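As they're listed, the protein sequences go chains A and B. Position one of the first sequence corresponds to residue 18 (my numbering), numbered consecutively onward. Position one of the second sequence corresponds to residue 18 (my numbering), numbered consecutively onward. Glycine is no exception: its CB is placed at the ideal position from the N, C-alpha and C atoms. Remember, it's a predicted structure, so these values are computed and weren't measured experimentally. See structure below.
There are 2 protein chains.
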Amino acid sequence: MSTSRRKFLASASLVTLGATATAMTPSPQKPRLVHHVFFWLKNPSSTADRDKLVKGVQSLAGIETIRMLHVGVPASTEKRDVVDNSYHVSELMFFDTVEDQKVYQDHPIHQKFIADHSQLWDKVVVYDTIEA
Amino acid sequence: MSTSRRKFLASASLVTLGATATAMTPSPQKPRLVHHVFFWLKNPSSTADRDKLVKGVQSLAGIETIRMLHVGVPASTEKRDVVDNSYHVSELMFFDTVEDQKVYQDHPIHQKFIADHSQLWDKVVVYDTIEA
């Protein structure tokens, strides 16, 4: 690997792939803030509840300050003591700034998401991380 | 917001910003797998230990299957019961596939990172998430 690739990866907040880059929302900044939310369902065996929550999280893409959204479920990676795969849905977002994340928190689309889906989850854990 | 933007954000694994897109590593796939690791230091008050661990995580960028790397520390977002800001360093990576993540796990650069830094941390929690 070249030094330039290492430098790029170490400093870039996001890289992307191929044609998707043309569809991005332009921003004057790098999205330095990561907001990662894990949901545990009240009914862990209900795939209907899980799918509804996944769709709900996807609807958050309507909030303009979100620079990237990844909605997921536990991956089939190797089982290890340090891996927590007990959650049911993952919501991962990038924002440019802490302020942009606050806009998201207060946004009507986010408030509607909570009102429409909070009965589905039993527990939520949030990690907010700023680029070091 | 347009329907196309919503559709794009809901389906894209990653978006990026401006000039950085030109520096990316080409890949035939979307990076669907998220690997998020949180570290708690043995010496929580040691900024030297934290900085050493941050640099160590940044060195992982040398592993070819990593499509994006974000290295962070807790952000100054609003304090809420659901927010866990007790960790000290965050390592967030995207991979194309579960197999690419396994290549990373076994890679000499990763093994060297563990050998050189594992004395710094007291606890590690890992979340592996595949795009829903």
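Under 8 Å between C-beta atoms of residue i and residue j
i, j, result
"Val142 (chain B)", "Glu108 (chain B)", "no"
"Val88 (chain B)", "His105 (chain B)", "no"
"Asp113 (chain A)", "Pro48 (chain A)", "yes"
"Leu77 (chain A)", "Ile147 (chain A)", "no"
"Thr82 (chain A)", "Asp145 (chain B)", "no"
"Lys67 (chain B)", "Phe111 (chain B)", "Here residue 67 (chain B) is Arg; the residue named in the question, Lys, does not match the sequence. No, these two residues do not count as a Cβ contact at 8 Å."
"Gly73 (chain A)", "His124 (chain A)", "no"
"Ala92 (chain B)", "Val115 (chain A)", "yes"
"Val71 (chain A)", "Ala132 (chain B)", "no"
Helix, strand or coil at residue i [DSSP, three-state]
i, result
"Pro91 (chain A)", "strand"
Residue i at chain A interface by Cβ criterion, 8 Å
i, result
"Leu50 (chain B)", "yes"
"Val120 (chain B)", "no"
"Gly73 (chain B)", "no"
"Thr82 (chain B)", "no"
"Ser62 (chain B)", "no"
"Phe55 (chain B)", "yes"
"His127 (chain B)", "no"
"Ala132 (chain B)", "no"
Residue i to residue j span [Cα, whole Å]
i, j, result
"Thr64 (chain A)", "Leu137 (chain A)", "11 Å"
"Asp98 (chain A)", "Asp139 (chain B)", "14 Å"
"Ile9 (chain B)", "Tyr121 (chain B)", "Nothing about residue 9 (chain B) can be read from this structure; chain B reaches only from 18 to 149."
"Val51 (chain A)", "Leu86 (chain B)", "12 Å"
"Asn102 (chain A)", "Phe130 (chain B)", "24 Å"
"Phe56 (chain B)", "Lys69 (chain A)", "32 Å"
"Lys119 (chain B)", "Gln128 (chain A)", "38 Å"
Min CB distance residue i to chain B below 8 Å
i, result
"Leu109 (chain A)", "yes"
"His124 (chain A)", "no"
"Asn102 (chain A)", "yes"
"Asp145 (chain A)", "yes"
"Ser93 (chain A)", "yes"
"Asp139 (chain A)", "no"
Closer than 7 Å: residue i CB and nearest the ligand NAD heavy atom
i, result
"Ala149 (chain A)", "In the structure shown, the ligand NAD is absent, as is every other ligand, since no ligand is present at all."
**OP:** With a floor of 3 residues, list each beta strand (DSSP E) that falls wholly inside the segment 40-123 of chain B, ordered by position along the chain.
**Re:** Runs of the beta strand (DSSP E) inside the segment 40-123 of chain B: 50-58, 85-91 and 106-112.
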